[in-house]
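Numbering follows the numbering used here, with no gaps: position 665 of the sequence shown is 845.
Where is the CB? At the ideal position from N, CA and C, for every residue including glycine.
Being a predicted model, the structure only gives us computed values, none of them experimental.
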Amino acid sequence: MALSFSLAPFRLRLLFRGAFLLLALATVALALYVLREEKQLSYRNYQQGFHKTAAQLAAKLHHPTGQLALLNPQLDAAHLQPLRPLLLPYSAIDFDDQNKVQQAVEMAGCQVQYREGAICAAIGSNPWAGGFIYVAGQFQSGELAAHKLGEERFDGVHRLQISVSLRGQVYRWIAPFEAMDDAGRPGARGRLTGFVEKDSGDYAFTRPVKDFRGWLWQEGRCSAEQAGTGCVHRSFFSVRLPVGVLRDDLFRKTQPIWPPNDLDRMAVRLRVLPPGGGAPLLDSDAAGASAPFTLSELAPLLLPGETLSLQKHTKTGDVELLKLAGSAEPGAESWRWIASLIRRLDVEGYDQPMQAGETIATPLGDYRFVLTGDVRTVNKSLAVVASRVVWFVGAMLLAIALVWLLIEVGIIRRITALTRRAASVSRTVRAAGGLERLDMADLRGRDELGVLASGLSDLLQRVKEDVERERIRTEQEKDMWHAVGHEIMSPLQSLLALHGSRDDDSSRYIHRMQQAVWVLYGSASPSEAFQSTTLQLAALDLDEFLRHVAANAPCVDIADVRYQAWGTPVLVRADDYALEDVVTHVLRNADRFRPKGSAITLTLEASETAATVQIHNQGPAIPDALIDKIFEYGVSDQADSAAQGNRGQGLFVARTYMAKMGATITAANVADGVCFTLTLQRAPAGALLGTSL
Numbered sequence: 181m182a183l184s185f186s187l188a189p190f191r192l193r194l195l196f197r198g199a200f201l202l203l204a205l206a207t208v209a210l211a212l213y214v215l216r217e218e219k220q221l222s223y224r225n226y227q228q229g230f231h232k233t234a235a236q237l238a239a240k241l242h243h244p245t246g247q248l249a250l251l252n253p254q255l256d257a258a259h260l261q262p263l264r265p266l267l268l269p270y271s272a273i274d275f276d277d278q279n280k281v282q283q284a285v286e287m288a289g290c291q292v293q294y295r296e297g298a299i300c301a302a303i304g305s306n307p308w309a310g311g312f313i314y315v316a317g318q319f320q321s322g323e324l325a326a327h328k329l330g331e332e333r334f335d336g337v338h339r340l341q342i343s344v345s346l347r348g349q350v351y352r353w354i355a356p357f358e359a360m361d362d363a364g365r366p367g368a369r370g371r372l373t374g375f376v377e378k379d380s381g382d383y384a385f386t387r388p389v390k391d392f393r394g395w396l397w398q399e400g401r402c403s404a405e406q407a408g409t410g411c412v413h414r415s416f417f418s419v420r421l422p423v424g425v426l427r428d429d430l431f432r433k434t435q436p437i438w439p440p441n442d443l444d445r446m447a448v449r450l451r452v453l454p455p456g457g458g459a460p461l462l463d464s465d466a467a468g469a470s471a472p473f474t475l476s477e478l479a480p481l482l483l484p485g486e487t488l489s490l491q492k493h494t495k496t497g498d499v500e501l502l503k504l505a506g507s508a509e510p511g512a513e514s515w516r517w518i519a520s521l522i523r524r525l526d527v528e529g530y531d532q533p534m535q536a537g538e539t540i541a542t543p544l545g546d547y548r549f550v551l552t553g554d555v556r557t558v559n560k561s562l563a564v565v566a567s568r569v570v571w572f573v574g575a576m577l578l579a580i581a582l583v584w585l586l587i588e589v590g591i592i593r594r595i596t597a598l599t600r601r602a603a604s605v606s607r608t609v610r611a612a613g614g615l616e617r618l619d620m621a622d623l624r625g626r627d628e629l630g631v632l633a634s635g636l637s638d639l640l641q642r643v644k645e646d647v648e649r650e651r652i653r654t655e656q657e658k659d660m661w662h663a664v665g666h667e668i669m670s671p672l673q674s675l676l677a678l679h680g681s682r683d684d685d686s687s688r689y690i691h692r693m694q695q696a697v698w699v700l701y702g703s704a705s706p707s708e709a710f711q712s713t714t715l716q717l718a719a720l721d722l723d724e725f726l727r728h729v730a731a732n733a734p735c736v737d738i739a740d741v742r743y744q745a746w747g748t749p750v751l752v753r754a755d756d757y758a759l760e761d762v763v764t765h766v767l768r769n770a771d772r773f774r775p776k777g778s779a780i781t782l783t784l785e786a787s788e789t790a791a792t793v794q795i796h797n798q799g800p801a802i803p804d805a806l807i808d809k810i811f812e813y814g815v816s817d818q819a820d821s822a823a824q825g826n827r828g829q830g831l832f833v834a835r836t837y838m839a840k841m842g843a844t845i846t847a848a849n850v851a852d853g854v855c856f857t858l859t860l861q862r863a864p865a866g867a868l869l870g871t872s873l
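Next comes the structure, spelled out in structure tokens:
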């Protein structure tokens with residue numbers, strides 16, 4: 181207890197300083213919470229990005245372009261001269277059909293792109309399709325010049341010059357274009373008849389190579405306009421090259437090795453020569469070539485720390501073809517203690533290994549890729565961001581400290597002085613026996629504390645005088661209510677003896693008068709009397725009640741009250757006298773404001789759980805400033821309401837009684853006047869309730 185008294189003078193100062201301390205701790209806690217949420221969000225985003233990357237890799241490798249890269253892991257964008265044949269994910273190419281060849285080449289993505297066109301050199305995945313090398317591509321030229329039968333030289337026509345080098349042997353062909361349609365017109369197509377190339381250029385009495393097949397198609401529309409040559413057309417060619425060495429290997433063994441082990445050492449050279457002399461229209465050894473899709477191009481899809489392992493299933497186990505790692509991007513450095521703090525923030529599932537993989541089926545075996553994630557990159561990226569944000573947190577803490585220091589010096593120090601002075605005044609007040617001898621003359625002055633002390637002294641004196649006046653007024657009002665109640669009760673008893681019959685309508689109003697007197701009798705104020713009233717709730721037929729109210733309204737000087745009977749009993753929970761008081765108060769208000777000669781209408785609506793009575797009158801609308809206050813005690817629209825007998829308590833009594841009956845009353849402005857709505861709870865049929873409130 182002694183400790184409590186010793187801390188009492190410092191309680192507010194401790195509370196104030198503790199509040200600033202809690203504010204600083206809350207700032208730090210908020211920063212940690214946000215940091216943890218950001219870590220969890222970053223981890224979730226990383227998971228989504230990781231699985232998205234795995235899906236992209238799977239889609240890329242399942243595509244023929246990806247399968248081509250898997251079947252040719254030796255493909256390197258840096259070594260495109262000479263052109264080397266690739267292993268296709270197809271068993272063979274239908275080289276006679278332009279659409280099928282183009283579709284196969286474009287789907288596989290095997291074409292090496294040149295400035296003048298594109299070339300794809302490849303072999304099929306099925307060895308029994310024959311030891312052929314397929315060469316397909318496209319170039320641009322003017323109208324094709326075709327070779328005619330009987331011509332011994334090919335210098336004056338468009339032709340393909342092809343050579344294949346492998347295992348120390350070189351195969352060379354020259355394939356002039358032989359038109360099958362009208363020669364020399366756009367849109368022509370024809371064969372590429374292959375001959376073994378001769379240095380002399382004379383092919384008299386030379387037979388074409390039997391297994392050499394080739395086709396050339398030229399589009400009819402112009403793809404470009406070139407100065408000097410006019411319209412330029414796009415041409416597409418497809419050639420099947422018979423390579424004897426490969427065909428011999430197929431027939432030496434019952435189970436040939438396919439693809440050949442030296443596929444990456446084979447060299448293909450192709451040139452498209454125009455009529456006469458001049459530079460080739462397309463040359464596979466031209467500089468600036470762009471390679472097809474390679475496995476190394478998957479690396480940009482990987483985030484820093486992620487690794488991609490590509491493996492091939494073999495009889496002896498999985499053989500790793502390639503392993504790629506995401507390159508770490510140089511970024512801003514983070515503080516070590518920030519990185520250590522982030523590592524200690526607990527996030528569910530954060531420490532679990534993250535891997536994804538899928539098997540890719542190809543005609544020559546199954547391949548599998550395994551993507552391994554590294555969640556440490558989340559910590560690194562978040563640490564960099566947190567290192568920048570920590571300056572803002574530090575600035576907030578510094579601002580809190582500065583504000584505390586300013587308030588401590590400018591306010592708390594003065595409050596401390598006021599506390600000492602107030603303690604002195606308190607001891608003086610207790611010793612003097614309350615406010616009777618309260619004297620703060622020693623605290624008066626021109627400074628802030630003196631002004632506060634003077635104001636407090638004057639305020640306490642005024643409060644003391646007001647309390648005394650209120651006590652005297654309350655006693656006088658209570659005495660007045662006692663006298664009024666005493667004088668009224670005796671005549672009412674006499675009237676009740678004269679009109680006590682149940683059939684006499686006057687008996688009902690005498691009972692209401694007695695109840696009103698008993699409510700106010702002995703209370704200090706009318707508002708307290710109404711709020712302390714006890715009601716006896718019972719099942720009341722609201723339809724019968726409203727008919728009675730409408731019929732007897734002229735007895736209380738309220739004429740022309742109309743009610744359309746419901747026709748069946750509507751039982752509600754209510755006190756008969758209290759509800760009649762409520763309706764009478766609302767009717768008097770409606771009567772006071774309605775135009776002369778207009779009617780007041782009562783409308784009843786009922787549901788299974790509630791019954792609603794609407795009291796509508798024509799007349800002016802309730803002002804917006806009063807519509808929410810009209811049910812308060814003493815509120816009236818007349819400035820001298822008390823002088824005219826309007827105490828502003830009728831609607832207050834209505835709301836109070838309705839609340840005690842578990843009901844509600846509201847007022848609303850309508851198009852032609854005002855409508856009061858009374859909502860009461862339904863009572864079970866045949867029920868008789870007697871709850872007191």
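Asked	Found
Got a sec? Which residues, its chain only, sit under 8 Å from residue 425 by beta carbon, not counting five neighbours each side?	311, 346, 347, 349
When burial is assigned at 16 or more other CB atoms within 10 Å of the CB, is residue 615 buried or exposed?	Below a pLDDT of 50, predicted positions are generally treated as unreliable, and residue 615, at 48, falls in that range; the measurement from the model is reported next regardless. Its Cβ having fewer than 16 others within 10 Å, residue 615 is exposed.
So, with DSSP's three-state summary, where would you put residue 402?	coil
Which residue wins for smallest C-alpha separation from residue 949, given the options 807, 778, 769, 750?	Since the first residue of the chain shown is 181 and the last is 873, residue 949 is not available in this structure.
How far does the alpha helix (DSSP H) with residue 757 in it reach, from first residue to last?	756–773
Return the chain-ordered ranges of every beta strand (DSSP E) run that is complete within the stretch 406–492 and spans a minimum of 3 residues.	410–422, 447–453
What's the C-alpha gap between residue 462 and residue 468?	13 Å
In angstroms, rounded to a whole number, what distance separates the CA positions of residue 341 and residue 360?	20 Å
Give a yes or no on whether the C-beta atoms belonging to residue 324 and residue 398 are separated by under 9 Å.	yes
Terminal residues of the continuous beta strand (DSSP E) containing residue 497?	497–505
To the nearest angstrom, report how far apart residue 490 and residue 563 are at their CA atoms.	32 Å
Cα-Cα, which of 238, 269, 780, 791 is closest to residue 855?	780
By Cβ distance below 8 Å, which residues in the same chain neighbour residue 423 in space, the five residues on each side in sequence not counted?	311, 312, 313, 344, 346, 351
What do you get for residue 864, buried or exposed, if any count of 16 or more other CB atoms within 10 angstroms of its CB means buried?	exposed
Beta-carbon separation of residue 288 and residue 268 under 9 Å?	yes
When we look at the beta-carbon of residue 291 and count the other beta-carbons within 10 Å, is it buried (16 or more) or exposed?	buried
Considering residue 546, what are the terminal residues of the alpha helix (DSSP H) in which it resides?	Here residue 546 belongs to no alpha helix (DSSP H); instead the beta strand (DSSP E) covers 545–552.
Where does residue 222 sit, in a helix, a strand or coil, going by DSSP?	helix
Out of curiosity, what's the CA-to-CA distance linking residue 813 and residue 807?	14 Å
Going by beta carbon distance, what residues of the same chain come within less than 7 Å of residue 542, once the five residues before and after it are set aside?	247, 250, 251, 269
Out of 444, 551, 810, 501, point me to the one whose CA is closest to residue 481's CA.	551
So which of 850, 571, 583, 381 has the shortest CA-CA distance to residue 208?	571
Using 9 Å as the limit for Cβ to Cβ distance, is residue 842 near chain D?	Absent from the structure is chain D; it holds one protein chain and no more.
Looking at residue 395: is its Cβ nearer than 9 Å to the Cβ of residue 375?	no
Between the beta-carbon of residue 799 and the beta-carbon of residue 853, is there less than 9 Å?	yes
Whole angstroms is fine: what's the gap from residue 475's alpha carbon to residue 243's?	13 Å
Taking the beta carbon of residue 803 as the centre, do at least 16 other beta carbons fall within 10 Å, making it buried, or is it exposed?	exposed
When DSSP labels each residue in this structure, what does residue 811 get in the three-state scheme?	coil
Given that a residue counts as buried once 16 or more other Cβ atoms are within 10 Å of its Cβ, and exposed if not, what is residue 279?	exposed
Buried or exposed: where does residue 402 fall if 16 or more other Cβ atoms within 10 Å of its Cβ makes it buried?	exposed
Among 458, 861, 452, which residue has its Cα nearest to the Cα of residue 465?	452
From residue 857 to residue 735, what distance separates their C-alpha atoms?	24 Å
How far does the alpha helix (DSSP H) with residue 723 in it extend, from its first residue to its last?	722–732
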